[in-house]
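Just below is one structure, and these are the notes that go with it.
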Amino acid sequence: MIYLDTAATSHKKPAQVYHTLDVLTRKHSANAGRGASTLSLAAANYIYEAAEQAALLFHINAPENIAFTSNTTLALNMAIKGCTKKKPHVIMTSMEHNSVARPVYACGAPYTIVRADREGYMNPADIARAIRPDTGLIVANHASNVCGSLQDIAAIGEIAHKQGVLFLVDSAQSAGVVPIDVETMHIDMLAFAGHKSLMGPLGTGGLYVRESLLLDTIIEGGSGSSSESREQPDFMPDRLVSGTANMPAIAALGEGIRFVRRTGVETILEHERALARRFVDGAREIPGLILYGGEPERGVGVVSLNVKGKSCVEVAQELDKTYQIAVRGGLHCAPLAHETLGTLKHGGTVRFSFGYYTTRAEIDRALFALNKICKHV
Numbered sequence: 001m002i003y004l005d006t007a008a009t010s011h012k013k014p015a016q017v018y019h020t021l022d023v024l025t026r027k028h029s030a031n032a033g034r035g036a037s038t039l040s041l042a043a044a045n046y047i048y049e050a051a052e053q054a055a056l057l058f059h060i061n062a063p064e065n066i067a068f069t070s071n072t073t074l075a076l077n078m079a080i081k082g083c084t085k086k087k088p089h090v091i092m093t094s095m096e097h098n099s100v101a102r103p104v105y106a107c108g109a110p111y112t113i114v115r116a117d118r119e120g121y122m123n124p125a126d127i128a129r130a131i132r133p134d135t136g137l138i139v140a141n142h143a144s145n146v147c148g149s150l151q152d153i154a155a156i157g158e159i160a161h162k163q164g165v166l167f168l169v170d171s172a173q174s175a176g177v178v179p180i181d182v183e184t185m186h187i188d189m190l191a192f193a194g195h196k197s198l199m200g201p202l203g204t205g206g207l208y209v210r211e212s213l214l215l216d217t218i219i220e221g222g223s224g225s226s227s228e229s230r231e232q233p234d235f236m237p238d239r240l241v242s243g244t245a246n247m248p249a250i251a252a253l254g255e256g257i258r259f260v261r262r263t264g265v266e267t268i269l270e271h272e273r274a275l276a277r278r279f280v281d282g283a284r285e286i287p288g289l290i291l292y293g294g295e296p297e298r299g300v301g302v303v304s305l306n307v308k309g310k311s312c313v314e315v316a317q318e319l320d321k322t323y324q325i326a327v328r329g330g331l332h333c334a335p336l337a338h339e340t341l342g343t344l345k346h347g348g349t350v351r352f353s354f355g356y357y358t359t360r361a362e363i364d365r366a367l368f369a370l371n372k373i374c375k376h377v
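Residue numbers for the sequence shown, in UniProt numbering: 1 to 377.
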């Protein structure tokens, strides 16, 4: 099987991720922060070490300002629903995933969707013009899960900072691929996926919250601290973390982040863009293919296309069953992005997404398969 669906989750992980997940599950499973036993203290330390790795990667000053979650979706829900009461108006882009659009809608607060261009890129000035007196939050997708377009997060962050508006970044597709500095980019909250380009296990993610920013909670319960109080603690990460943590998976995520830091984010980005360039150049030579989005050098390793005369789902199924190539066909949980790109009316796109372990030979095999499919339309 050739796996080209890293935008959904990375398939192959570094060896240390598997090893850590296995050993800690077998020999060190304990409830972090729930008691003073050696095992419990060790479990808490494994989680803190993972937070330290994430803090180093994202240039976060205090690791305790990171709350680990089960995925980016939960992190985005915690951020959006936790900060929209005082100034309810939310600005989001037309490239957002449903993990942003649905929580914003569920809040019942007023919102503005700022349009990107037909290649999926935002003009930060358009976001500035959308700010109102009651705007409390700007949410921006760093890299599109549909076409890979990369936004100028630093410019948007500067606008938000100058206007006193909170800035939340969805880095599900960029964390581990694109350099992120929460300080210089003025990011107040950063939601990230652990199981994609950070190379962690499924069911891992996290939310960074700027120091002194106190979010309202959407989950309350046992935190292992302030147990005498009926209110959730007012300090991170306990403010946002309740119940038993998946310590082995979080520790394994820490090893994935360590691998990313050791390899170098810039190196990973260069590899993905080179693969995307090879794929795009080859796809443009195949009659019957329609490509969407911008040039690979302006994004991450995600490419969307359609085959004239075939549905995207049909093409994805044929790639899987006939050529053993795993991709994704459909709307990718991002109808706003497809509306922007003009692909909503087609039911979405066939998405190819590449990762650190993707090879040039796999790209060539995918192009061969697409050429065969187009010839038999």
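Glycine included, each C-beta is placed from N, C-alpha and C at the ideal position.
Because the structure is a prediction, the values reported are computed rather than measured.
- Per the coordinates, the alpha-carbon of residue 302 lies some 25 Å from the alpha-carbon of residue 126.
- Bounds of the beta strand (DSSP E) holding residue 191 are 189-193.
- Closest in alpha carbon position to residue 308, among 374, 319, 294 and 332, is 374.
- In the three-state reduction of the DSSP assignment, residue 222 falls in the coil class.
- DSSP, reduced to helix, strand and coil, places residue 174 outside both helices and strands of the structure shown, so it counts as coil.
- For the 8 Å CB-CB criterion, residue 199 and residue 70 do not form a contact.
- A residue is called buried when at least 16 other Cβ atoms come within 10 angstroms of its Cβ; residue 220 does not meet this threshold and is exposed.
- In the same chain as residue 263, and ignoring 5 residues on each side of it, the C-beta atoms closer than 8 Å to its own belong to 356, in chain order.
- Taking 8 Å as the cut-off, the beta carbon of residue 143 is found no closer than this to the beta carbon of residue 348.
- In the three-state reduction of the DSSP assignment, residue 92 falls in the strand class.
- Counting along the chain, no beta strand (DSSP E) covers residue 105; the unbroken alpha helix (DSSP H) around it starts and ends at 98-107.
- Excluding the 5 residues flanking it on each side, residue 287 has same chain C-beta neighbours closer than 8 Å at 374, in chain order.
- Listed as beta-bridge partners of residue 143 by DSSP are 150.
- Taking the CA atoms as reference points, residue 206 sits about 6 Å from residue 75.
- Counting along the chain, residue 24 sits inside no beta strand (DSSP E); it lies in the alpha helix (DSSP H) bounded by residues 15-27.
- With respect to the 8 Å criterion, residue 44 and residue 37 are not classified as neighbours on the basis of their beta carbons.
- The C-alpha of residue 61 is placed about 35 Å away from the C-alpha of residue 119.
- Within the DSSP bridge table, the entry for residue 68 names 206 as partners.
- Just measuring C-alpha positions, the residue of 180, 163, 162 and 161 sitting nearest residue 170 is 180.
- Annotation for residue 176: 197, 198 and 260 place their beta carbon closer than 6 Å to its own, counting only its chain and skipping 5 residues before and after.
- Under the criterion of beta carbons closer than 8 Å, residue 2 and residue 325 qualify as touching, at roughly 5 Å.
- Where residue 254 is concerned, the enclosing alpha helix (DSSP H) starts and stops at 247-263.
- Taken through DSSP and simplified to helix, strand or coil, residue 304 comes out as strand.
- Considered as a whole, the region 290-359 harbours 312-323 and 335-341 as its complete alpha helix (DSSP H) runs of no fewer than 4 residues, in chain order.
- Collapsing the DSSP output to three states places residue 134 in coil.
- A straight-line Cα-Cα distance of about 25 Å links residue 340 and residue 166.
- Setting aside the 5 residues that flank it on each side, residue 63 is surrounded in the same chain by 48, 51, 52, 54 and 55, each with a C-beta closer than 8 Å to its C-beta; the list follows chain order.
- Counted as a single uninterrupted DSSP element, the alpha helix (DSSP H) harbouring residue 38 occupies residues 38-58.
- Cβ neighbours of residue 318 within its own chain (closer than 7 Å, five residues either side excluded): 373.
- The alpha carbon of residue 32 has as its nearest neighbour, out of 91, 244, 163 and 330, the alpha carbon of 244.
- Membership of residue 377 in any beta strand (DSSP E) is not indicated, and neither H nor E is assigned to it by DSSP.
- For residue 112, the enclosing beta strand (DSSP E) covers residues 111-114.
- Under the three-state reduction of DSSP, residue 167 is assigned to strand.
- Separation of residue 94 and residue 114 (C-alpha to C-alpha, rounded to the nearest whole angstrom) is 6 Å.
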